[in-house]
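All remarks here apply to the structure that follows.
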Amino acid sequence: MVFKYKFPMDFFLKTIIVLLFIIPGSSSITQIKSLQINQPELEGGKILKTESYNGNSLWGYIDGGADLYLEYGFVKLLVQQIFWQDYNFKLEFYEMKNNEAAFGVFSVSHRKCIPETATSGYNCKTPHMIQMIQGCNFIRIINENGTEPEQNLSTAIAKIISNKNKDINYSPPRLFSNHVFKEHLDRLKYFNGTLGIQNGFPEWNDFFEGLTNYSAYLLPIETDTGHIYLSQITFANESEKNIFYKNVNMNLKKRKYAETKDGNIFKAITEISSLKIYYFESTLSYRNYNSYLKLIQKK
10 MVFKYKFPMD FFLKTIIVLL FIIPGSSSIT QIKSLQINQP ELEGGKILKT ESYNGNSLWG
70 YIDGGADLYL EYGFVKLLVQ QIFWQDYNFK LEFYEMKNNE AAFGVFSVSH RKCIPETATS
130 GYNCKTPHMI QMIQGCNFIR IINENGTEPE QNLSTAIAKI ISNKNKDINY SPPRLFSNHV
190 FKEHLDRLKY FNGTLGIQNG FPEWNDFFEG LTNYSAYLLP IETDTGHIYL SQITFANESE
250 KNIFYKNVNM NLKKRKYAET KDGNIFKAIT EISSLKIYYF ESTLSYRNYN SYLKLIQKK
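If you're matching positions, the sequence shown starts at 10 in our numbering and goes up one per residue.
Have a look at this one:
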């Protein structure tokens, strides 16, 4: 005898929701404990200390700097102290709410540095520090003196961590993936609040005055004769979008595209959707900025 049972619709809905959380995919999050360094991975080395911090205890670790991480969407922090080949290293693993948040913190945490080619994803290297993104995690590897041996060991540590990452690494919005931006992409920044702008591009503080809920990508391109600033901004509502238009002295008057000249600064706005725009400005000559401007005029 075969028994037939008709499952209620809410059963299927609950099953789908559960599967979305347990099936690996682009939204999966590699926990920082799976990325941390383990003793067997350090031949002759030693893990001196491992500590963790949450949103409440983060203040005890970063006195005065915790707000920036919380603004982007901080989840937790794991810190390791390592002694390897007679050198001390500190590793910081900041788990963020998603890979966009991890990129945001990374983008406003570095200035002049070079990419570390031994690891995947966005990264930045100076003599004393490697900063990188692995999935939803923003990671720092810090050495004491910046000597060549310490830099080489920092690279080795970064490679160990990168090889353990199973998540999909961050990729920028489609506009910034255009090949013309390839040599400038290490300067791309992401903000979703006042502290991000203050730390990453304070020149635009006034543009976002009066706004409380937004996200913005900015690619600054500097030359000997001027600059191009290209941004993609998403607003929470029409009111905040209009405040931004007022702050940059522009009015689209129900059009999808507008441009103007403000002194020696050329400005343009394209509305991609009702709450998402491209904002462009340049102090270069038309001949030098036109090829970039065309990229947002086509949208």
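All residues carry an ideal CB built from backbone N, CA and C; glycine is no exception. Computed from a predicted structure; not experimentally measured.
For ASP76, the uninterrupted alpha helix (DSSP H) run begins and ends at 75-81, by DSSP.
Taking 7 Å as the cut-off, the beta carbon of PHE289 is found closer than this to the beta carbon of ILE305. The count of Cβ pairs closer than 8 Å, one atom from the region 90-98 and one from the region 69-80, stays below three, leaving the stretches out of contact.
DSSP, reduced to helix, strand and coil, places VAL117 outside both helices and strands of the structure shown, so it counts as coil.
Of the candidates CYS145, ILE286, GLN90 and GLN160, GLN90 places its Cα closest to the Cα of GLN48. The C-alpha of GLN143 is placed about 11 Å away from the C-alpha of ASN107. Contact between GLU125 and ILE139 holds: CB atoms are separated by about 5 Å, below the 8 Å threshold.
In the DSSP assignment, the residues bridged to GLN140 are CYS133 and ARG149. The alpha-carbon separation between SER61 and ASN260 amounts to approximately 49 Å.
Between ALA167 and ILE150, the beta carbon gap of about 6 Å places them in contact (Cβ cut-off 8 Å). For ALA267, the enclosing beta strand (DSSP E) has its first and last residue at 266-271.
Sorting THR279, LYS250, ILE230 and ILE41 by C-alpha distance to the C-alpha of TYR298 places ILE230 at the top.
Three or more beta-carbon pairs drawn from the region 276-290 and the region 235-244 are found closer than 8 Å, and the two stretches are therefore classed as touching. For PRO158, the enclosing alpha helix (DSSP H) covers residues 157-173.
In the three-state scheme derived from DSSP, where H, G and I count as helix and E and B as strand, PRO181 is classed as coil.
PRO182 is positioned such that its CB atom lies no closer than 7 Å to that of LEU197. Each residue's CA atom was taken as its position, placing TYR226 and VAL117 some 11 Å apart.
In the structure shown, PHE200 adopts extended strand secondary structure according to DSSP, grouped into three states. Annotation for ASN256: no beta strand (DSSP E) segment contains it, though the alpha helix (DSSP H) segment containing it runs 247-256. Residue state for GLU60 is assigned as strand, using DSSP reduced to three classes.
For CYS145 against GLU101, the beta-carbon gap comes to about 15 Å, at or over 8 Å, which does not count as contact.
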